[in-house]
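Comments concern the structure below.
Numbering (our numbering), first residue to last: 644 to 768.
Here it is, written out as structure tokens:
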């Protein structure tokens, strides 16, 4: 029984109803996000906008977009997450959503063809 629990950490499983909602949030945020358009564009980085600064701004925009979609989907849970000043709670939410997206892509390689690459860039930065 403990072996099954250990294997479940690494072997992807089907997503539940709640996880499917989180997956739809992630797919929506990735679809709208211009992260790779703004970060990976080769342009002259000046003293006003270093690449690191642009990455940080785009990550903040993506997270705010994800929280906005969370509020639109589930107002009570989303607004409590936004009102919370607990950084670990917000980072756990983001980790959970990204992990659901990763697991879904592994079990369904034909899905998320465009947005998965953007998600990988987000996670690497």
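A virtual CB, placed ideally from N, CA and C, is assigned to each residue, including glycine.
Excluding residues up to 5 positions away in sequence, 761, 764 lie with their Cβ nearer than 6 angstroms to the Cβ of residue 679 in the same chain. The C-beta separation of residue 747 from residue 666 comes to about 6 angstroms, placing the pair in contact by the 8 angstroms criterion. The residues 741, in chain order, have a CB closer than 7 angstroms to that of residue 766 in the same chain once the five nearest residues on each side in sequence are set aside. Counting the other Cβ atoms within 10 Å of the Cβ of residue 749 gives fewer than 16, which makes it exposed.
In the displayed model, residue 717 falls within coil according to three-state DSSP, outside both helix and strand. Annotation: residue 711 to residue 733 spans about 13 angstroms, alpha carbon to alpha carbon. Residue 674 counts as exposed, since fewer than 16 other beta carbons sit within 10 angstroms of its beta carbon. DSSP, read as helix, strand or coil, puts residue 674 in helix. For residue 684, there is no enclosing alpha helix (DSSP H), since its DSSP letter is neither H nor E. Less than 8 angstroms divides the Cβ of residue 658 from the Cβ of residue 743.
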